[in-house]
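So our numbering is basically just the index in the sequence shown, starting at one, shifted up by 3. Notes to accompany the following structure.
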Amino acid sequence: MLHGARLTPRSRTPDLVRQEFHGLIMAHFAICALIHEAALNANEDPDRLSFLHAVRVVRRKMAAAIALSPTEPDNLP
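Following this line, the structure appears as structure tokens:
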């Protein structure tokens, strides 16, 4: 979806483009909420925390969570 500074929707119909846009807005909101929570825990101003860094942390954590199979008990932490 994101190519540098340019947004290119993958969806081909107006309804799916709207759905993709709403998904991006929800992801942005969720990351902002995580930044806010992290700032509260660290007694820091949320404006001083990097949105891009938060996105990278979420991507790493999601990749690690996806790597764990819920059906295999050997993969439990």
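Glycine included, C-beta positions come from ideal geometry on N, C-alpha and C. These numbers come from a predicted model, not from an experiment.
Check                                                                                                             : Outcome
Tell me the rounded alpha-carbon separation between Arg21 and Thr11.                                              : 13 Å
Please identify the residue among Pro17, Ile28, Cys35 and His31 whose C-alpha is closest to the C-alpha of Leu52. : Cys35
For Lys64 and Thr16, I'd like the C-alpha separation in whole angstroms.                                          : 31 Å
Just tell me which of Asp18, Asn46, Ile38 and Phe32 has its CA closest to the CA of His56.                        : Ile38
What is the DSSP secondary structure of Pro17, counted as helix, strand or coil?                                  : helix
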